[in-house]
Structures are given as C-alpha cells and as structure tokens.
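In the working numbering, the protein residues as written are 121 to 177.
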C-alpha cells in the first residue's frame, strides 16, 4: 500500500458518521416530548371530567 499524494487526499469523500451518543440523545429528546404530551393530555382530560384531587396546603 502506498501513501496518498495531496491531490489524491483532497479527492476523498467521507460519509456521514452519526455516533451512538448523538442518536441516543435525539431519541431521548423525542421521548421527553412524547411524555410531556401524554401528561398534558391526561391533565386536560382530568380537568374536563372534574376528576382532580383537591389542593391541600
């Protein structure tokens, strides 16, 4: 195997490299958004059905 010249090195095209950390962080963010939506929907439904626990100090 021979070394590449500068001209050959410039012509090399690299691909997209997603690390596992980035993918995990992205999926965790989506999971958090979905969980917030579920909790908000449950809160709205409970308020409409008058099924809310009274607030006590």
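Yeah, the Cβ is synthetic: ideal placement off N, Cα and C, and Gly gets one too.
Can you tell me which of the three DSSP states residue i falls into?
i, result
"residue 100", "Residue 100 lies beyond the residue range present for the chain, which begins at 121 and ends at 177; the question has no answer from this structure."
"residue 132", "coil"
"residue 177", "coil"
"residue 123", "coil"
"residue 172", "coil"
"residue 147", "helix"
"residue 138", "coil"
Assuming the contact rule is C-beta atoms closer than 8 Å, residue i and residue j should be a hit. Round their C-beta distance to whole Å, please.
i, j, result
"residue 166", "residue 172", "5 Å"
Is any beta-carbon of chain C found at less than 7 Å from that of residue i?
i, result
"residue 149", "In the structure shown, chain C cannot be found, because there is only a single protein chain."
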